[in-house]
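Trainee:
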Amino acid sequence: MELESVPGVGAKTAAALRELDDPEAALRDGDVASLARAPGISEGRAARIARGAIRAEHDDPGGFTATKRAGEIHEDALALLTDRTVTDYAAKRLETIYPSGVRSRIEEVRAFAESAMAREPDPAVLDALSAVEPLSEPGDVRVRDRCLATRDAERYADAQAAIPEVSVEVVDDARQLAELARSYSTVVALDEAFAGVDIEGDVRVEPTALEEPESVVPERVLTFFARNRDRIRAAAEVHRVADLDAPCDLETLLSALDQLDADGSVSGDEELDRLATAVDDLDAAVSTAESVANDHLREAIEEQDVTIEGTDLLSLVERGAGVDSLLQRELADEYAAAVEKARDHLVDALALRDMEATARRAFPDDPAYPVEHSEDVVARLREELTAARDQRATRRKRELADDLAEMRDDAAALVDAALELDVELAIARFAADFDCTMPDITESEGVAIEGGRSPLLDVPFEAVEPVDYAVEGVTVLSGVNSGGKTSTLDLVALVTTLAHMGLPVPAASARVGRISELHYHAKTQGTLDAGAFEATLREFGDLVADVDHRSAAVEADGEGVEADGDGTADGDGPAAGTDDRPVMVLVDELESITEPGASAKIMAGILEALGERQATAIFVSHLARDIREAAETAISIDGIEAKGLEDGELRVERSPVKGKLARSTPELIVEKLADDGQGDEDGFYSDLLGKFE
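Residue 23 in UniProt numbering sits at position 23 of the sequence shown; the count goes up by one each step and never skips.
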C-alpha cells in the first residue's frame, strides 16, 4: 500500500508512519494503537487515518450519511458503543467502524462483531482493562556517561541518526581516543582500525554497533519498558483474568519488569546497590572515620601521663618539632590503633571489597593530630567506585536490555490484544444491553424489522415497546401526534446504519437491503421562507436526479449485479461497490416547509419520482390522505394506530399497520364525544365525525 495514496496522509504524515515497523499492516488492519505510535500522531488522528486506509482498501467512496440527521444517527450509534468502552483507545478504535455501502467492508466488520458477541463482559476483566493504555515511545532518553567515536565523517552522520541518545565524537588517532576514555566511562569505537589498541579505560571496538543500538544504549529498551511497566502489567492481568492466550510467558516478562525501577535503572542487584551506596556515602564515611580516629586518639592522650625533661623539650623546640614528633615518640602505638580504627570503619561502612587497599591509604601512617584523610586518595577511591558502579550498571543494563528486547514485540502484542479485547467487549455489551441480533444484509430493496426497540428514546430501554415494521419502495407513514412516527423513523435509520456498519441491531430480527446513501431529513421547525424553500426543493431535485443517474448506470451494465448462489452480490463484478444500489430516504413531516395544500402535492411528486427509481423511502406526514389524492400513481400508506383515549391519554399500537391510514388525534377526540352521546342531541359531534370520512 502506497502511504501517500491513503486519504489524509501527506508527505509529512507518511514519513512519520514509516517510523513504524510495518505501517502497511497497521493501516490494513485499522490498528489505531500501532498508528498512534508514529511520531506526532494522536489516537484521534490515527483513527481518521485508519478510516481513510480502510476506505481505500475496499474502494469505498464514503458518503453513506448523506444528510445532517443521518450523520447524527451514526454519531448516536457510535456513542452507544463508545459508552461501553473502558479505554480511550477502544473508543477511538470504534471510530474506524463506519457505515458503508460496500459489501466487502460490511462483511469484514460483521465477522469481527460476531466473534465479539461471543465474549462475556466479566466485571473482573473490565476492571483490569481500566489500567491498560497504548504503549508510548520515550523520546527523551539521553546518556552522558558514554560516547561513540569514529574517524569517518560519513559514519559520524550515520551514528548521530542511528543512536541520537549519546554523543558522537570524531577522533584521528589512538591518542584522541584515550582522551575520550578519560572523559567518559565507556567509549565505543566504530572503526575496525582501533582493534588491538591498548588504551586505559573502558574502550570497546564495535564496528557493528550501529546495527545493534541497544548494545550501546540499553537505556533505550529499559526506558521503554520502565515507562510502560504498569501498562504491560495491566495487560498481563487482563490476559490472566480473561484467560487469553498470551504471546509470551507472562511470568518471565513480569520477572524481568520487576528488575526495573521507574526511572529505567536496574533494581535487585546487590553488588550494584553496594557500589552505588558506597559512592553516595563516601564523604560521610570518610568524615565519620576521621571522628573515630580522633576520638580514640583524644581519649588516649587524656589518659596518658607524658613527662618531658627540660632538655628534651628544649631539643624539640630547637628542632622545630611539634606535636607530630611528640605523638611519634610517646603515642606511636595509640596513633597506629586510631588510624587502623578509621581504616576499618571506612572499609566496613562502604562494604568495600576490591578497593579495600585504596581505602586504607586514605589515612596515612605519619602521626598527626587531628587525624585527617588524604584528599588525593579519597578522590582516587571515588573514581574507582564510580567507574565500578557505572560499569556494573552498564553491564546489568545490557543484560536486562537483551532479555527485554527479545520480548518487546510480545509486550506490544500483549497490550494490543488487551486493547482490542476492550473493543470486542464494547460490542458484546452493546449487543447484550439492547437485545441485539445480527441483521441479514440483502441485495433487495427495503427494510424489515421485527421486535425492534430503539435505545435512542429518553426512557429506560426495558420500557421501550417493540416495533414490527417492513417497507419496500416508497411509503407514507401516518399516525397520531406522539404516536411514535419519528421514533419509528429513527429506529429504521438506526437499524439501517448499524447494519451497514456491520454491527448487530436492536431487534429480534432484521432484514436490510444494502444501500449506498442514507438521506434522513428531520422535521423542519416552522415554515421556510422562499429562499430556504427553494433550497430544500433543489436538494430533493438533486437527490432524485442522482438516484436516476445510478439507475441508468446499472441498466447500462446490462444485467446489472450478478448474484451469487447465496443471493449476495458478486464483489468482483463491474458494478461492485455502491454505484449499483439505491438510496434510502427518510423524511419527517416535510409539510411544515410550506402551506399544507402545496406540501401534499410536492411530497406526492417526490415520492412518485423516488418510486420510479426504485429508492426506499418513508415520509412521515399528517397529510397522507392529501398526498394519496395528489399522486398520479398508487402510494403506499401505513399507519400507527391509536387504540383510543383513556383518561385523556392516547393508547397507541406502536407497530405501523400496513396499508392503513391512521386516524388523527382530533378524529379520535371527536369520535369519543360522538360515542358518548351526552350533549349531542342535535348530532353535532356525529356530523363532525363524518367530515373525517
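Each residue gets a CB set at the ideal place from its N, CA and C atoms; glycine is no exception.
(1) Kindly indicate which three-state DSSP category D158 falls into: helix, strand or coil?
(2) Is A70 closer than 8 Å to H500 when the C-beta atoms are compared?
(3) Based on the DSSP output, what are the partners of I618 in its beta bridges?
(4) Of the residues A161, E192, T186 and L498, which one's Cα is nearest the Cα of D173?
(5) Can you find at least 3 beta carbon pairs, one from the region 371–384 and one from the region 189–204, that sit closer than 8 Å?
(6) Give me, in chain order, the residues of the same chain whose beta-carbon lies closer than 6 Å to that of Q160; leave out the 5 immediate sequence neighbours on both sides.
(7) If distances are taken between C-alpha atoms only, which option among A507, V505 and L590 comes closest to E539?
(8) Under 8 Å, with one C-beta from each stretch per pair, do the region 367–379 and the region 399–413 reach the 3-pair mark?
(9) Roughly how many whole angstroms lie between the Cα atoms of P207 and G264?
(10) In the DSSP assignment, what residue or residues form a beta bridge with T65?
(11) Using 10 angstroms around the beta-carbon of G8, count the other beta-carbons present and answer buried if the total reaches 16, otherwise exposed.
(12) Taking just the CA atoms, how far does P213 sit from residue 702?
(13) Assuming M438 and R119 are in contact, meaning their beta carbons sit under 8 Å apart, how far apart are those beta carbons, in whole angstroms?
(14) Using DSSP with H/G/I as helix, E/B as strand and the rest coil, what is V377?
(15) For the beta strand (DSSP E) containing A448, name the first residue and the last one.
(16) Under 8 Å by Cβ, that's how I've got D152 and L210 pegged, so tell me the actual separation to the nearest angstrom.
(17) Let me know if K92 comes out buried or exposed under the rule of 16 or more other beta-carbons within 10 Å of its beta-carbon.
(18) Does the distance between the C-beta of A642 and the nearest non-hydrogen atom of the ligand ZN fall short of 7 Å?
(19) E211 by DSSP, collapsed to three states: which one?
(20) What residue range does the alpha helix (DSSP H) around A510 cover?
(21) Report the option in V585, S115, I449 and K523 whose CA atom is closest to the CA atom of V512.
(22) Relative to the alpha-carbon of V205, which residue among R453, A246 and L148 has its alpha-carbon at the smallest distance?
(23) For the candidate residues I640, V371 and A336, whose alpha-carbon lies nearest to that of S287?
(24) Within its chain, find whatever has a CB closer than 6 Å to the CB of A131; leave out the 5 residues flanking it on each side and keep chain order.
(25) Can you tell which of D29, D202, R175 and Q176 has its C-alpha closest to the C-alpha of V188?
(26) Grouping DSSP H, G and I as helix and E and B as strand, with all else coil, what is A470?
(27) Give the DSSP-derived three-state secondary structure of L623 in the structure shown.
(28) Buried or exposed: where does R84 fall if 16 or more other Cβ atoms within 10 Å of its Cβ makes it buried?
(29) With C-beta atoms as the reference, is L254 less than 8 Å away from A393?
(30) From T594 to V6, what does the alpha carbon distance come to, in whole angstroms?
(31) Using the rule of at least 16 other Cβ atoms within 10 Å of the residue's Cβ for burial, across every protein chain shown, is G639 buried or exposed?
(32) Grab the span of the beta strand (DSSP E) containing V205 for me, first residue to last.
(33) Applying the criterion that 16 or more other CB atoms from any shown protein chain within 10 Å of the CB defines a buried residue, is E237 buried or exposed?
(34) Thinking just about the alpha-carbon of each residue, which of C436, S183 and L414 is nearest to the one in L129?
(35) V286 by DSSP, collapsed to three states: which one?
(36) Using 8 Å as the Cβ pair cut-off and three pairs as the minimum, do the region 100–117 and the region 415–433 touch?
Mentor: For this structure:
(1) helix
(2) no
(3) T475 and L586
(4) Of the candidates A161, E192, T186 and L498, the residue whose Cα lies closest to the Cα of D173 is E192.
(5) no
(6) V168
(7) L590
(8) no
(9) 27 Å
(10) Here T65 is bridged, per DSSP, to L518.
(11) Answer is exposed; the Cβ neighbour count stays below 16.
(12) A query on residue 702 cannot be resolved here, the shown segment of the chain reaching from 1 to 693 and no further.
(13) Actually they are not in contact, since the Cβ atoms of M438 and R119 sit about 15 Å apart, beyond 8 Å.
(14) helix
(15) That run of the beta strand (DSSP E) goes V447 to G452.
(16) Wrong, their Cβ atoms sit about 12 Å apart, outside the cutoff.
(17) buried
(18) This structure lacks the ligand ZN, and indeed carries no ligand of any kind.
(19) helix
(20) Where A510 is concerned, there is no enclosing alpha helix (DSSP H), although the beta strand (DSSP E) it sits in stretches over S509 to G513.
(21) I449
(22) L148
(23) V371
(24) A234
(25) Of the candidates D29, D202, R175 and Q176, the one whose C-alpha sits nearest the C-alpha of V188 is D202.
(26) strand
(27) coil
(28) buried
(29) no
(30) 45 Å
(31) buried
(32) D202 to V205
(33) buried
(34) L414
(35) When DSSP states are grouped into helix, strand and coil, V286 belongs to the helix group.
(36) Look at the beta carbons and you see the region 100–117 touching the region 415–433: at least three pairs across the two are nearer than 8 Å.
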